[in-house]
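Taken in order, the sequence shown gives residues 2 to 715; the numbers are from my numbering. Cβ atoms here follow ideal geometry from the backbone N, Cα and C, with glycine treated the same way. Take a look at the structure set out below.
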Amino acid sequence: MPTPIAKERPVSEDGYRLWLRYEPVAHPPTRAAYRAALTQAVVEAPSPTLLAAREEIGLALAGLLGTPVPMVEQVTQAGALVAGTPQSSRAIAKLDLRAGLEPAGAEGFVITRARIADKNGIAIAANTDTGVLYGVFHFLRRLQTYKPLDDLHIVSAPKIKRRMLNHWDNLDRTVERGYAGFSLWDWHKLPDYISPRYKDYARANASVGINGTVLTNVNAGALILTNQYLVKVAALADVFRPYGIRVYLTARFTAPIEAGGLETADPLDPGVVAWWEAKADEIYALIPDFGGFVVKANSEGQPGPHDYGRSHADGANLLAGALAPKGGVVCWRAFVYDEKNLDDRAKQAYTELAPQDGAFRDNVFLQIKNGPIDFQPREPHHPLLGAMPKTPLMLEVQITQEYLGHATHLVYLAPLFKETLDADTYCCGPGSPVARVVDGSLDGHAMSGMVGVANTGSERNWCGHPFAAANWFAFGRLAWDHRATSEGIAEEWLRMTFGNDERFVGPAAALMLDSREAAVNYMTPLGLHHIMARDHHYGPGPWVAGGRADWTSLYYHRADAAGVGFDRTPSGSDAAGQYFSPYREQVSDLAACPEEVLLWFHHVSWRHTMKSGRTLWDELCFKYNHGVASVRQMQQAWDALAGFVDAARFEHVKALLKIQAKEAAWWRDACLLYFQTFSGLPIPPEYEPPAASLEYYMNLAHYYVPGIRERRFG
Ligand code: BDP
Numbered sequence: 002m003p004t005p006i007a008k009e010r011p012v013s014e015d016g017y018r019l020w021l022r023y024e025p026v027a028h029p030p031t032r033a034a035y036r037a038a039l040t041q042a043v044v045e046a047p048s049p050t051l052l053a054a055r056e057e058i059g060l061a062l063a064g065l066l067g068t069p070v071p072m073v074e075q076v077t078q079a080g081a082l083v084a085g086t087p088q089s090s091r092a093i094a095k096l097d098l099r100a101g102l103e104p105a106g107a108e109g110f111v112i113t114r115a116r117i118a119d120k121n122g123i124a125i126a127a128n129t130d131t132g133v134l135y136g137v138f139h140f141l142r143r144l145q146t147y148k149p150l151d152d153l154h155i156v157s158a159p160k161i162k163r164r165m166l167n168h169w170d171n172l173d174r175t176v177e178r179g180y181a182g183f184s185l186w187d188w189h190k191l192p193d194y195i196s197p198r199y200k201d202y203a204r205a206n207a208s209v210g211i212n213g214t215v216l217t218n219v220n221a222g223a224l225i226l227t228n229q230y231l232v233k234v235a236a237l238a239d240v241f242r243p244y245g246i247r248v249y250l251t252a253r254f255t256a257p258i259e260a261g262g263l264e265t266a267d268p269l270d271p272g273v274v275a276w277w278e279a280k281a282d283e284i285y286a287l288i289p290d291f292g293g294f295v296v297k298a299n300s301e302g303q304p305g306p307h308d309y310g311r312s313h314a315d316g317a318n319l320l321a322g323a324l325a326p327k328g329g330v331v332c333w334r335a336f337v338y339d340e341k342n343l344d345d346r347a348k349q350a351y352t353e354l355a356p357q358d359g360a361f362r363d364n365v366f367l368q369i370k371n372g373p374i375d376f377q378p379r380e381p382h383h384p385l386l387g388a389m390p391k392t393p394l395m396l397e398v399q400i401t402q403e404y405l406g407h408a409t410h411l412v413y414l415a416p417l418f419k420e421t422l423d424a425d426t427y428c429c430g431p432g433s434p435v436a437r438v439v440d441g442s443l444d445g446h447a448m449s450g451m452v453g454v455a456n457t458g459s460e461r462n463w464c465g466h467p468f469a470a471a472n473w474f475a476f477g478r479l480a481w482d483h484r485a486t487s488e489g490i491a492e493e494w495l496r497m498t499f500g501n502d503e504r505f506v507g508p509a510a511a512l513m514l515d516s517r518e519a520a521v522n523y524m525t526p527l528g529l530h531h532i533m534a535r536d537h538h539y540g541p542g543p544w545v546a547g548g549r550a551d552w553t554s555l556y557y558h559r560a561d562a563a564g565v566g567f568d569r570t571p572s573g574s575d576a577a578g579q580y581f582s583p584y585r586e587q588v589s590d591l592a593a594c595p596e597e598v599l600l601w602f603h604h605v606s607w608r609h610t611m612k613s614g615r616t617l618w619d620e621l622c623f624k625y626n627h628g629v630a631s632v633r634q635m636q637q638a639w640d641a642l643a644g645f646v647d648a649a650r651f652e653h654v655k656a657l658l659k660i661q662a663k664e665a666a667w668w669r670d671a672c673l674l675y676f677q678t679f680s681g682l683p684i685p686p687e688y689e690p691p692a693a694s695l696e697y698y699m700n701l702a703h704y705y706v707p708g709i710r711e712r713r714f715g
């Protein structure tokens with residue numbers, strides 16, 4: 002196998018620095034140009050946020066240029082980098098930047114070449130200190146990716162206002178659906194011990210514009226709302242604040258009973274109202290910029306307003322009322338479904354919540370997953386997106402790879418996030434993409450938000466798989482600007498994380514960009530969904546049956562002798578009817594339905610002719626095999642990059658790709674053998690035959706899979 006030339010292999014890295022490595026610029030002309038353009042840095046009147054910006058500039062320039070750049074009080078020579086607001090910086094105040102600062106708003110920034118004190122320099126200006134910090138990170142990203150500095154006219158402002166991570170972290174430091182070790186939050190030692198990781202976490206988030214973090218699991222306990230824990234939360238908030246990050250918590254609906262000793266949590270009970278008001282007072286006394294509550298109610302066993310005969314709006318408004326005077330918000334999750342409801346699970350959230358549009362208080366978001374089931378490798382967009390014009394809708398995506406191979410598989414998720422953001426809801430006619438519902442521009446909402454379920458943990462490299470950090474990065478970049486491309490984000494991340502050699506960046510980006518479709522193909526092609534193993538969701542489980550019906554695979558694939566797939570057309574559950582025209586008609590029509598979601602919307606005959614000319618069965622065989630072949634190609638592509646990556650990270654990725662290839666074949670063999678029991682058709686001879694029997698696959702058991710508290714043994 003050809004090993005590309007690299008004079009010296011890079012020194013091994015453990016991944017801790019993420020994409021903020023600030024390694025010396027390896028391209029001599031670029032380094033020379035940077036050194037000439039950046040001879041001193043001026044950040045006046047540092048507030049904690051400007052201090053953070055100054056510190057980052059110092060760290061980055063020393064690393065990138067290979068020599069520290071003097072931090073001075075005022076501009077004394079050409080090549081000054083000046084960062085500040087018109088209030089904080091005398092030099093910035095003297096520049097006429099109004100045309101840029103106006104659109105920059107509260108968090109945006111301007112980066113421009115400027116004459117400062119009669120000398121050529123570079124200004125990073127914003128209306129707020131946080132905007133300056135974002136501008137600094139943006140500028141440093143340009144340096145890290147070897148962009149020229151001669152023609153700088155950048156004005157950037159986030160499209161979405163609340164860009165948040167949701168940590169599904171428990172107080173015992175386990176992480177639900179977390180695959181990168183234990184929780185980052187060392188609750189036991191807080192508030193006295195402040196791990197240096199907290200600041201590095203804040204830096205990483207700020208560098209991509211993430212400005213909120215929900216510290217606790219949506220399956221919430223009430224303990225976090227007790228004073229003993231709130232002081233710990235306050236200590237974290239103090240670390241994050243300079244980086245523009247607000248802290249949020251999940252609120253257990255019955256906390257007034259469990260933490261407050263009340264007899265009810267009825268949202269209309271005056272005692273309950275008073276309890277939440279007092280709790281909000283207590284929280285804001287400790288954390289003046291507390292962001293608000295995220296609530297999972299009446300879903301998967303969590304308590305909620307239905308337990309008291311009240312609506313979701315009643316529940317959300319109770320908490321919103323307590324937070325409103327303090328400026329906090331409620332993110333009420335739309336992930337609601339009930340096993341007693343016999344209607345299609347995909348329909349239940351819409352049926353329940355769409356009629357409540359307009360019933361929520363002003364400071365309530367409805368937080369909606371990208372698809373109507375649950376973070377599958379591919380889902381159509383959620384029908385509620387676009388269907389509640391009076392309510393600000395916050396988009397929830399999953400960065401952690403619960404259904405996408407955990408932290409073992411390399412799956413770059415920007416294409417998945419983009420697929421949802423770009424999906425046309427048709428809510429205001431053609432050209433009404435989810436992105437414009439979520440950024441508030443279609444319905445004129447002042448509030449807007451996007452959250453990602455975090456993939457971070459205590460592992461040294463933060464996210465487990467060396468490539469998983471790309472998904473954290475991509476989430477932040479897309480929440481800031483949903484027009485960014487998957488390609489562009491992948492390239493940026495690769496350059497910052499591994500290096501700028503073009504011979505590396507191009508092939509590595511191609512590998513990343515193929516990876517999501519590969520995973521769809523070897524797991525759930527053609528619109529199949531929710532056919533993974535029970536509970537831990539690791540590996541295939543199309544045979545999962547018994548127990549709660551809507552947690553079985555049979556419920557979703559409906560395979561029988563006639564065909565496979567869930568009929569969600571008007572002749573079936575009519576989930577399609579929850580979408581706007583013409584999407585609803587398109588997906589309801591077997592001939593017009595995009596094949597990538599075919600089995601999501603239709604029960605299709607095994608012998609149905611697909612666009613390729615193959616039968617459905619043969620197409621399924623083709624897709625599963627194609628997925629496996631793609632992973633093998635990813636392995637080859639990675640091997641060819643050996644010379645460009647340090648040994649530690651190279652070998653780590655190589656070993657994980659080997660597992661991924663093995664598991665892709667496992668998915669393929671198990672699923673094809675299982676579906677074959679219904680189709681009765683042969684696997685075409687051009688494909689590898691399954692390595693083992695269906696019985697073998699069905700009897701595989703895995704214990705202590707991360708991300709779930711083991712319930713079966715021990
Ligand atoms: C599912 C997870 C479960 C979460 C739930 C949620 O399997 O662990 O609690 O979503 O989002 O994806 O509430």
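Quick check on Gly547: does DSSP put it in helix, strand or coil? Secondary structure at Gly547: coil, using DSSP grouped into helix, strand and coil.
Would the beta-carbon of Val296 be found less than 6 Å away from any heavy atom of ligand 1? Val296 has its CB no nearer than 6 Å to any heavy atom of ligand 1.
Those runs of the alpha helix (DSSP H) which lie wholly inside the segment 48-120 and span at least 4 residues: Qualifying alpha helix (DSSP H) stretches, in chain order: 49-66, 91-95 and 99-105.
With the cut-off set at 7 Å, would you say Ala550 and Lys348 are in Cβ contact? Taking 7 Å as the Cβ cut-off, Ala550 and Lys348 do not qualify as a contacting pair.
Provide the residue span of the alpha helix (DSSP H) that contains Val337, from first to last. Taken as a continuous stretch (DSSP letters only), Val337 belongs to no alpha helix (DSSP H), as it is neither H nor E.
Beta strand (DSSP E) containing Val167: first to last residue? Looking at the sequence shown, residue 167 is not Val but Asn. Where Asn167 is concerned, the enclosing beta strand (DSSP E) stretches over Arg163 to Asn167.
Once you ignore the five residues that flank Ser631 on each side, which residues in its own chain have a CB closer than 7 Å to its CB? Same-chain partners within the cutoff: Asp515, Ala519 and Asn522.
Alpha-carbon to alpha-carbon, Ala298 and Trp253: Checking the displayed sequence, the identity of residue 253 turns out to be Arg instead of Trp. If I take the Cα positions, the gap works out to 8 Å.
The alpha helix (DSSP H) enclosing Ile258, as first and last residue numbers: First-last of the alpha helix (DSSP H) with Ile258: Ala256 to Glu259.
Trp20 (DSSP reduced to helix, strand or coil): Correct three-state label for Trp20: coil.
Short Cβ contact (7 Å threshold) for Gln145 with Met533: No, Cβ-Cβ distance for Gln145 and Met533 is not below 7 Å.
Alpha carbon to alpha carbon, how far is Ala480 from Glu103? Give it in angstroms, no decimals. Between Glu103 and Ala480, the C-alpha separation is close to 21 Å.
Taking Met448 as the reference, give the member of Asn472, Phe366, Val506 and Thr486 with the closest Cα. Measuring C-alpha to C-alpha distances from Met448 to each of Asn472, Phe366, Val506 and Thr486 identifies Phe366 as the nearest.
Nearest by alpha-carbon distance to Tyr180: which of Pro304, Gly262 and His537 is it? Tyr180 has its Cα closest to that of His537, out of Pro304, Gly262 and His537.
Candidates Ala408, Gly372, Arg311 and Pro390, of which the one nearest Ala424 by Cα: Comparing Cα-Cα distances from Ala424 to each of Ala408, Gly372, Arg311 and Pro390, the minimum goes to Gly372.
May I ask you to check if the CB of Phe254 is nearer than 6 Å to at least one heavy atom of ligand 1? For Phe254, the CB stays at least 6 Å from every heavy atom of ligand 1.
Proximity to Thr457 [Cα-Cα], best of Val506, Gly465 and Lys659: Considering only alpha carbons, the answer is Gly465.
Residues that DSSP places opposite Gly564 in a beta bridge: Within the DSSP bridge table, the entry for Gly564 names Ser606 as partners.
Taking the beta carbon of Asn121 as the centre, do at least 16 other beta carbons fall within 10 Å, making it buried, or is it exposed? Classification of Asn121: exposed, given that the 10 Å Cβ count is below 16.
Sequence-distant residues of its chain with Cβ nearer than 6 Å to Gln303 (five each side left out): Closer than 6 Å at the Cβ level, and outside the excluded window around Gln303, lie Lys297.
Per-residue DSSP class, three states only, for Gly450: It is a strand residue.
Specify, as a first and last residue, the run of the beta strand (DSSP E) that Glu397 falls within. Start and end: Leu394 to Gln399.
How would you call Asn228, buried or exposed, if buried means at least 16 neighbouring beta carbons within 10 angstroms? Only exposed fits Asn228, as fewer than 16 other CB atoms lie within 10 angstroms of its CB.
Is the beta carbon of His609 closer than 7 Å to that of Leu617? Yes; because the gap between Cβ atoms is below 7 Å, this pair is in contact.
State the CB to CB distance for the pair Leu417 and Phe468, rounded to an integer number of angstroms; the pair is presumed to be in contact (CB under 8 Å). Not really, about 14 Å apart at Cβ, beyond 8 Å.
Contact defined as beta carbons within less than 8 Å: I believe Tyr413 pairs with Arg517. What is the distance between those atoms, to the nearest angstrom? Between Arg517 and Tyr413 the Cβ distance is about 6 Å, and since that is below 8 Å, they are a contact.
Buried or exposed: where does Val176 fall if 16 or more other Cβ atoms within 10 Å of its Cβ makes it buried? Classification of Val176: buried, given that the 10 Å Cβ count is 16 or more.
Looking only at its chain, what residues have a beta carbon closer than 7 Å to the beta carbon of Pro685, apart from the 5 residues adjacent to it on each side? Short of 7 Å from the beta carbon of Pro685, and not among the five residues preceding or following it, lie these beta carbons of its own chain, in chain order: Asp619 and Cys622.
Confirm the yes/no value for this check: CB of Glu177, any heavy atom of ligand 1, distance under 6 Å. Proximity of the beta carbon of Glu177 to ligand 1 is indicated: a heavy atom of the ligand is located closer than 6 Å.
What three-state label does DSSP hand Gly213 in the structure shown? The answer is strand: DSSP assigns Gly213 an E or B state.
Heavy atom of ligand 1 less than 6 Å from the Cβ of Asn121, yes or no? Exclusion of Asn121 from the 6 Å shell around ligand 1 follows from its C-beta lying no nearer than that to any non-hydrogen atom of the ligand.
Assuming the contact rule is C-beta atoms closer than 8 Å, Thr217 and His168 should be a hit. Round their C-beta distance to whole Å, please. The C-beta distance from Thr217 to His168 rounds to 7 Å, short enough to meet the 8 Å contact threshold.
For Pro526, count the other beta carbons within 10 Å of its own beta carbon; 16 or more makes it buried, fewer makes it exposed. Which is it? It is buried - the Cβ of Pro526 has at least 16 other Cβ atoms within 10 Å.
Let me know the secondary structure DSSP gives Cys719 once reduced to three states. Outside the shown range of the chain, which is 2 to 715, sits residue 719, and nothing can be said about it.
Please work out which residues of its chain come closer than 6 Å, Cβ to Cβ, to Leu82, disregarding the five sequence neighbours upstream and downstream, and give them in chain order. Excluding sequence neighbours, Leu82 sits near Leu39, Ala42 and Ile123.
Same chain, Cβ closer than 7 Å to Ala355, five either side skipped, listed in chain order: Within its own chain, the residues whose Cβ lies closer than 7 Å to the Cβ of Ala355, once the five positions on either side in sequence are excluded, are Leu385, Ala388 and Met389, listed in chain order.
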